[in-house]
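Chains as they are written, first to last, in our numbering: chain A, 1499 to 1693; chain B, 1495 to 1952.
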């Protein structure tokens, strides 16, 4: 039987603290990069998954750990949003306060729309990019265009990452029932129209 | 195990209001495994090409030209795609609100009578019966069908169920709404003390959100449609008479609709006529009551089945296109060992969610928030949902009827023992089901470690 401390204090804190690193351990000499959730949201040159972008806002992909659902992000500003969560969570893609407080998958595919809050029915990636641009302007930073105007299409993410999934059971946003053109839907979402 | 509370004709009084509210909590809990079971039987995104292809072939066989057959098949297959997804979205939208009702009733009990009891309160015998309902009617865990939808309509009926005329002594019937009215009357008639110190599940903390991707479906043009309205209801702090009545009215209006909403027809059939204003449960009239949502699914199911049956290609129940062949009222004890291990883990996660909710009524502030957001949300949205998907990939031969079924989540309460913490038992069950670990391992290990609130629950 696995033994887990029966925590009467009912808190996620506590338990056995991690062992400290040996005093003579080699320091990590690699400068940390900023962790962000998607294409076009990098604040610095070289800060995307490939490290090859030459300007803020032009990165190809997230540096935060890929995950596929609400509550699975590692830390502050590493959660996506859109498919679950309350208005506050859904209005802060890539800007969540803490670990496990993101409300959806990372990276954010172009087809994803918010299901609640002020951005309901509109593109999540476009909102993330808007917040990013506001942050860059406030910081007096130049930034370039994202590789895709409205974020990475799901098909592109699958081709790059090998697989990609965001949780939820309502079906594929980019499919067709024979009576619509998914490309038109994608264009409308990209133009900022409400779904 | 559902309890027998007081006699049906009893009044709610200050002496028994705690029992009455606990009964209300157990009524809400009893609906959750039923709705979830049917929900998971639905393939929300069936294979349209397969549906369309087989339909085309059958229509050509009965004399349609290929072009005619193809056009009809495209139309009907698109309708199946929309309906399957819509049925799933509507059932999930109701299930989510049942969880809200459980929380609102729990807030009510916390304010008026002390800690709500949630663990071990799911029905243990199937078919189940709503506690205290007159007349009783059987409730199965079953796949989506017209029969199952009729059961849903009975659960949410705003009017007394029609009584068969041949009965010599018609049984008086009380709806869930009338039951809640008894509680309201007690609250109105007596100056009850309200506990303002004990924690409740409060609004504006991200605990409850009425819309998510699972409550949405796409119409024929693949535009998203939202089944729950933004103004349909929320958690509420029960602190006085007014807030207590407000909480109850929210529960009743979401479930059955407004007091003058129509119910089943006198002969027990479903009224598929136009939706009328009382069928809505929100001020903006954007969200239908549970009863009307199920009526809509029932009527569309019937209409679509009739369309297929008028094609001359044989008698068809449309559920064969998008409903998994799950058993009715399965139990983990009858599953083969490999499936039983996954089912037991799933039941333990299901039960641990109730354990965590109970703990939220003992904790406040950041501790409550962490239990809820990192434990309950993660368990419901990711772990439980993932396990439901995983178990339904498994199948087994039932020797009793010599039929192969897809294994399905049984949503049975897991009897956590008292020797170790529920979480440590959960971890053991995880490794029993997945000895080599899998994508859920870290998520299980990350769950908060909370105790049973009541010793000897099982």
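Glycine residues also receive a C-beta, built at the ideal position from the N, C-alpha and C atoms. All values reported here derive from a predicted model rather than from experimental measurement.
Residue i vs residue j beta-carbon contact at 8 Å
i: residue 1714 (chain B); j: residue 1668 (chain A); result: no
i: residue 1694 (chain B); j: residue 1732 (chain B); result: yes
i: residue 1585 (chain A); j: residue 1615 (chain A); result: yes
i: residue 1907 (chain B); j: residue 1600 (chain B); result: no
i: residue 1640 (chain A); j: residue 1554 (chain A); result: yes
i: residue 1734 (chain B); j: residue 1684 (chain B); result: no
i: residue 1819 (chain B); j: residue 1639 (chain B); result: no
i: residue 1526 (chain B); j: residue 1602 (chain B); result: no
i: residue 1624 (chain B); j: residue 1649 (chain B); result: yes
i: residue 1879 (chain B); j: residue 1711 (chain B); result: no
i: residue 1875 (chain B); j: residue 1568 (chain A); result: yes
i: residue 1913 (chain B); j: residue 1873 (chain B); result: no
i: residue 1797 (chain B); j: residue 1811 (chain B); result: no
i: residue 1837 (chain B); j: residue 1904 (chain B); result: yes
i: residue 1636 (chain A); j: residue 1692 (chain A); result: no
i: residue 1882 (chain B); j: residue 1840 (chain B); result: yes
i: residue 1727 (chain B); j: residue 1744 (chain B); result: yes
i: residue 1646 (chain A); j: residue 1575 (chain B); result: no
i: residue 1544 (chain B); j: residue 1553 (chain B); result: no
i: residue 1577 (chain B); j: residue 1864 (chain B); result: no
i: residue 1598 (chain B); j: residue 1686 (chain B); result: no
i: residue 1673 (chain B); j: residue 1834 (chain B); result: no
Residue i (DSSP reduced to helix, strand or coil)
i: residue 1636 (chain B); result: coil
i: residue 1900 (chain B); result: strand
i: residue 1892 (chain B); result: strand
i: residue 1603 (chain A); result: coil
i: residue 1538 (chain B); result: coil
i: residue 1545 (chain A); result: coil
i: residue 1618 (chain A); result: strand
i: residue 1767 (chain B); result: coil
i: residue 1836 (chain B); result: helix
i: residue 1574 (chain A); result: coil
i: residue 1515 (chain B); result: helix
i: residue 1927 (chain B); result: helix
i: residue 1611 (chain A); result: strand
i: residue 1492 (chain A); result: Here chain A has residues from 1499 to 1693 only, and residue 1492 (chain A) is not among them.
i: residue 1529 (chain B); result: helix
i: residue 1755 (chain B); result: coil
i: residue 1642 (chain A); result: coil
i: residue 1507 (chain B); result: coil
i: residue 1470 (chain B); result: The structure shown does not extend to residue 1470 (chain B), since chain B is modelled only from 1495 to 1952, so the question has no answer here.
i: residue 1909 (chain B); result: coil
i: residue 1561 (chain B); result: helix
i: residue 1812 (chain B); result: coil
i: residue 1680 (chain A); result: helix
i: residue 1710 (chain B); result: strand
i: residue 1560 (chain A); result: coil
i: residue 1774 (chain B); result: strand
i: residue 1877 (chain B); result: helix
i: residue 1566 (chain B); result: helix
i: residue 1871 (chain B); result: helix
i: residue 1847 (chain B); result: helix
i: residue 1791 (chain B); result: helix
Assumed close pair residue i, residue j - CB separation to whole angstroms, cut-off 8 Å
i: residue 1782 (chain B); j: residue 1729 (chain B); result: Not really, about 21 Å apart at Cβ, beyond 8 Å.
i: residue 1603 (chain A); j: residue 1665 (chain A); result: 7 Å
i: residue 1968 (chain B); j: residue 1764 (chain B); result: Residue 1968 (chain B) lies beyond the range of chain B shown here (1495 to 1952); nothing can be said about it.
i: residue 1807 (chain B); j: residue 1613 (chain B); result: In fact, because the Cβ distance is near 50 Å, the residues do not count as touching under 8 Å.
i: residue 1607 (chain A); j: residue 1652 (chain A); result: 4 Å
i: residue 2040 (chain B); j: residue 1750 (chain B); result: Lying before the first or after the last residue shown, residue 2040 (chain B) is absent from chain B, which here runs from 1495 to 1952.
For residue i, the nearest candidate out of the options (CA to CA)
i: residue 1619 (chain B); options: B:1613, B:1571 and B:1635; result: B:1635
i: residue 1644 (chain B); options: B:1701, B:1757, B:1772 and B:1838; result: B:1757
i: residue 1536 (chain A); options: A:1585, A:1670, A:1593 and A:1674; result: A:1593
i: residue 1877 (chain B); options: B:1941, B:1865, B:1858 and B:1694; result: B:1941
i: residue 1786 (chain B); options: B:1777, B:1796, B:1799 and B:1770; result: B:1770
i: residue 1856 (chain B); options: B:1914, B:1632, B:1945 and B:1753; result: B:1945
i: residue 1681 (chain A); options: B:1717, B:1882, B:1811 and B:1840; result: B:1717
i: residue 1456 (chain A); options: A:1657, A:1600, A:1650 and A:1655; result: This structure gives no information on residue 1456 (chain A), because the portion of chain A shown stretches from 1499 to 1693.
Proximity test, Cβ basis, 8 Å: residue i and chain C
i: residue 1800 (chain B); result: The chain inventory of the structure shown lacks chain C, comprising the protein chains A and B.
- Can we say the stretch 1811-1828 of chain B touches the stretch 1672-1686 of chain B, given the rule of at least three CB pairs closer than 8 Å? The stretch 1811-1828 of chain B, when compared against the stretch 1672-1686 of chain B, does not touch it at the 8 Å Cβ threshold.
- Message: Tell me whether the stretch 1878-1890 of chain B and the stretch 1848-1867 of chain B touch, counting them as touching only if at least three CB pairs, one residue from each stretch, are closer than 8 Å.
- Response: By the Cβ test, the stretch 1878-1890 of chain B is not in contact with the stretch 1848-1867 of chain B, since fewer than three Cβ pairs between them sit closer than 8 Å.
- Query: Do the stretch 1577-1584 of chain A and the stretch 1611-1628 of chain A touch if we need at least three Cβ pairs shorter than 8 Å?
  - Reply: Judged by Cβ distances under 8 Å, the stretch 1577-1584 of chain A makes contact with the stretch 1611-1628 of chain A, as three or more pairs qualify.
- Task: Determine contact between the stretch 1505-1513 of chain B and the stretch 1524-1537 of chain B, defined as no fewer than three beta-carbon pairs at a distance below 8 Å.
- Result: Result no; under three Cβ-Cβ pairs closer than 8 Å.
- Item | Given 8 Å, three or more beta-carbon pairs between the stretch 1790-1803 of chain B and the stretch 1669-1676 of chain B | Contact fails between the stretch 1790-1803 of chain B and the stretch 1669-1676 of chain B, because fewer than three Cβ pairs, one in each stretch, are under 8 Å apart.
- Message: Between the stretch 1562-1580 of chain B and the stretch 1695-1709 of chain B, can you find at least three pairs of beta-carbon atoms closer than 8 Å?
- Response: Touching, no, given that fewer than three Cβ pairs across the two stretches are closer than 8 Å.
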